[in-house]
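Residue numbers (my numbering), protein chains in the order written: chain X, 3 to 501; chain D, 471 to 614.
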């Protein structure tokens, strides 16, 4: 039974290794990319169902008992995140078939993508803090190459910023793990949770918590550590940007939520109040940054930042409702944000530009695409009945229940400004007349059209379904939140009844 | 013609002669490290590094092309094969109803290698994968 928890890691790993063996066969590589990502999605779905039915699933790797060996744990939150990873992976692989050039495919695009997915699933499923570091590194190695691949000047500049800031983050993360190990003598997250709650040095624990906050804050692009994101995300091929935008920063958010619910809950008055402040500032700076941009990918990149603020806001409020809201927000955001980037890629493919001033008239020439854009865009801004509305509604309600009207106000204003940004793209790209200088749109071949539009339609459909049937998703999110808020369940599942 | 000139310029008699003795010794040493790795310092990773050094030395003394011929497989294939062997060794445990990566030992004891078991196979996988990674990087850089 234990294999199930590991399948979301093993499937991408094995397919990536096979793709290395078939280096010159680019059809085989594409097929392996698809097999790997579909396998990841299916295994993650089965895992989520099993966790929902039977409770938290645990594997002790190599049969070494819990605090000594490496443990893999799947609770509902990890399960949800892994499924989301699978959905985006499948969408991006199909989209890549039509949008990534031969050169990149020849230099191992698909194996790298699969290794990246392995790193992401590993981060979600590990129950060992050092192992989490290892998965972060796996993920970063693959993403470094994916950002830099292609050797264009702008790409190398973006990649350099990305690599540098992430290495700094890794160094801080590693330092924090070292100190944590020094305080508690263990790396197993379940045992850490027990040890830290009885720690003799609460100040030291808070110091470590702050180091983790900085390390994960960089990965998650939290204020004031977000500056690398708009500089590096837009330079990669758009399929890759969509994957990064959907998943990579959310791995940072996942890690934040994990450590600030399981490990660092001794001094909530300090740590979570700080998180709330950072959440508000992240939301505001992100959305203001977006307002000043006029390139689709850069606008969307700044919006990632402001959205991260909402998720961290849910964590900072630290009530069952707020955490459920944060998880709901992550579900909604990953799907919507990846989709917006994919649509941006199609616009560029048709019109040859990402700059708003070069674009226009797509409403008339591509009505379907305009509708497909409108769904995730309005969802991002939080228009009912789409998924974003429920996510924001839950968070704002949670903040009002906690007597935090300021953060509720910030969240409302920011979502208004998000609407402004989305209507800006809408008006410029779809509504206004085509600028005369722009060359005629390049027609897409039927197969490319299918491969580009299929993932977009599927993701838009998921957004609508989440919006219309918010209740089951919300129940799932609130169950996951309850699990996060009662670490005892996690601890007993891992350590086996003797915490 | 240019290729042969370049070859002559790069070849030093001392290096060539030394390589002839060093490469087999290094490869043997790497296997020695691989086999003792379970309980003593050594293992697949170090073994793979040393084996990589042997091929890199050969490439320096002769040419990268010759070293590739000596290796017979492209380094990338080695990486893939090594990774698959390592994962496969972990999966064996599942046949015995144990968690992934549990060491399964047989009763057979070989003179040098020691007891046969899946951790040994895992180490062999690591050895091959590391050799592949090292040579992938070194060959690529030397050909620039």
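Cβ coordinates follow ideal geometry from the N, Cα and C atoms, glycine included.
Handout entry: Contact with chain D by residue 59 of chain X, beta-carbon distance below 8 Å
Key = One-based indexing of the first chain puts residue 59 of chain X at position 57. It does not: the Cβ of residue 59 of chain X has no partner Cβ on chain D nearer than 8 Å.
Exercise for the section: Determine the direct distance from the alpha carbon of residue 356 of chain X to that of residue 296 of chain X, and round the result to whole angstroms. Expected result: In the first chain, residue 296 of chain X corresponds to position 294, counting from 1. In the first chain, residue 356 of chain X corresponds to position 354, counting from 1. Using only the alpha carbons, I get a separation of about 9 Å.
Exercise for the section: Can you tell me which of the three DSSP states residue 154 of chain X falls into? Expected result: Translated into the one-based positions of the first chain, residue 154 of chain X becomes position 152. In the structure shown, residue 154 of chain X falls within a coil segment according to DSSP collapsed to helix, strand and coil.
Problem - When X:298, X:229 and X:225 are compared against residue 281 of chain X, the one with the closest alpha-carbon - result: Taking the first chain and counting its residues from 1, one reaches residue 281 of chain X at position 279. Of the listed residues, the one whose Cα sits closest to residue 281 of chain X is X:225.
Practice task
Going by DSSP, name the residue or residues bridged to residue 584 of chain D.
Solution key: Numbered from its first residue, the second chain carries residue 584 of chain D at position 114. Beta-bridge pairing links residue 584 of chain D to D:580.
Exercise for the section: At 7 Å on the CB atoms, spell out the chain X contacts of residue 571 of chain D, in chain order. Expected result: Taking the first residue of the second chain as position 1, residue 571 of chain D is located at position 101. Correct list: 63 and 64.
Problem - Rounded distance between the beta-carbons of residue 160 of chain X and residue 40 of chain X, thought under 8 Å - result: Looking up residue 40 of chain X in the first chain gives position 38. Looking up residue 160 of chain X in the first chain gives position 158. 30 Å between Cβ atoms; not a contact.
Practice task
Could you name the residues of chain D that residue 22 of chain X contacts, counting a contact when the two beta carbons are closer than 8 Å?
Solution key: Against the first chain, residue 22 of chain X aligns to sequence position 20. The contacting residues are 546, 547, 549, 550 and 553.
Exercise for the section: Give a yes or no on whether 8 Å exceeds the smallest Cβ distance from residue 485 of chain X to chain D. Expected result: Residue numbering aside, residue 485 of chain X sits at position 483 when the first chain is read from its first letter. Not closer than 8 Å to any Cβ of chain D, the Cβ of residue 485 of chain X fails to qualify, so no.
Exercise for the section: Any chance you could list the alpha helix (DSSP H) runs of at least 4 consecutive residues sitting entirely within the stretch 472-496 of chain X, in chain order? Expected result: 472-487
Practice task
Could you check which residue in X:331, X:115, X:15 and X:350 has the C-alpha nearest to that of residue 512 of chain X?
Solution key: Residue 512 of chain X falls outside the range modelled here, since chain X spans only 3 to 501, and no answer is possible.
Handout entry: For residue 459 of chain X and residue 337 of chain X, the rounded distance between their alpha carbons
Key = Against the first chain, residue 337 of chain X aligns to sequence position 335. Against the first chain, residue 459 of chain X aligns to sequence position 457. The alpha-carbon atoms of residue 337 of chain X and residue 459 of chain X are separated by roughly 11 Å.
Handout entry: Beta carbon proximity, residue 15 of chain X to chain D, threshold 8 Å
Key = As a working mapping, residue 15 of chain X is identified with position 13 in the first chain. Cβ-Cβ to chain D under 8 Å: yes for residue 15 of chain X.
Practice task
Would you list the one or two residues that DSSP bridges to residue 190 of chain X?
Solution key: Sequence index remark: in the first chain, residue 190 of chain X carries index 188 (1-based). In the DSSP output, where bridge partners are listed per residue, residue 190 of chain X has X:130.
Practice task
Find the nearest neighbour of residue 209 of chain X within the set X:68, X:37 and X:179, judged by alpha-carbon distance.
Solution key: Here residue 209 of chain X corresponds to residue number 207 of the first chain, with the count starting at 1. It is X:179 whose Cα lies nearest to the Cα of residue 209 of chain X.
Practice task
Please work out which residues of its chain come closer than 6 Å, Cβ to Cβ, to residue 309 of chain X, disregarding the five sequence neighbours upstream and downstream, and give them in chain order.
Solution key: On the first chain, residue 309 of chain X is found 307 positions in, with the first residue counted as 1. The residues are 335.
Exercise for the section: Confirm, please, whether the CB-CB distance from residue 327 of chain X to residue 397 of chain X is below 8 Å. Expected result: Here residue 397 of chain X refers to the residue found at position 395 when the first chain is read from its first residue. Here residue 327 of chain X refers to the residue found at position 325 when the first chain is read from its first residue. Yes, these two residues count as a Cβ contact at 8 Å.
Practice task
Find the nearest neighbour of residue 407 of chain X within the set X:485, X:290, X:278 and X:433, judged by alpha-carbon distance.
Solution key: Locating residue 407 of chain X in the first chain gives position 405, where the first residue counts as 1. Of the listed residues, the one whose Cα sits closest to residue 407 of chain X is X:278.
Exercise for the section: Within the same chain, show all residues whose beta-carbon is closer than 7 Å to that of residue 601 of chain D, passing over the 5 residues directly before and after it, in chain order. Expected result: Counted from its first residue, the second chain places residue 601 of chain D at position 131. The answer, listed in chain order, is 518, 521, 522 and 548.
Problem - Proximal residues of chain X, C-beta to C-beta of residue 557 of chain D below 9 Å - result: Your numbering for residue 557 of chain D matches position 87 in the second chain. The contacting residues are 12, 15, 16 and 19.
Practice task
Can you pull the chain D residues whose beta carbon is under 9 Å from the beta carbon of residue 5 of chain X, in chain order?
Solution key: Along the first chain, read from residue 1 onward, the residue named residue 5 of chain X stands at position 3. Residues of chain D passing the Cβ test: 561, 564, 569 and 570.
Problem - Range covered by the alpha helix (DSSP H) that runs through residue 314 of chain X - result: Position 312 of the first chain, counting from 1, holds the residue named residue 314 of chain X. Here the alpha helix (DSSP H) through residue 314 of chain X covers 298-319.
Exercise for the section: Determine the DSSP secondary structure at residue 230 of chain X, reduced to helix, strand or coil. Expected result: Locating residue 230 of chain X in the first chain gives position 228, counting from the first residue. Looking at residue 230 of chain X - three-state DSSP - the assignment turns out to be helix.
Exercise for the section: Please name the residue in X:190, X:390, X:374 and X:13 whose C-alpha comes closest to that of residue 381 of chain X. Expected result: The sequence position of residue 381 of chain X within the first chain is 379, counting from 1. Checking every option, the nearest Cα to that of residue 381 of chain X belongs to X:390.
Handout entry: Contact set for residue 31 of chain X: own chain, Cβ-Cβ below 7 Å, skip 5 residues either direction
Key = Counting from 1 along the first chain, the entry for residue 31 of chain X is found at position 29. Once the five neighbours on either side are set aside, the close Cβ partners of residue 31 of chain X are 21, 24, 107 and 112.
Practice task
With DSSP as the reference, label residue 73 of chain X as helix, strand or coil.
Solution key: Here residue 73 of chain X refers to the residue found at position 71 when the first chain is read from its first residue. In this structure, residue 73 of chain X counts as strand in the three-state DSSP scheme.
Practice task
Give every residue of the same chain whose Cβ lies closer than 8 Å to the Cβ of residue 431 of chain X, excluding the five residues on either side of it in the sequence, and list them in chain order.
Solution key: Position 429 of the first chain, counting from 1, holds the residue named residue 431 of chain X. The residues are 298, 349, 358, 361, 362, 364 and 375.
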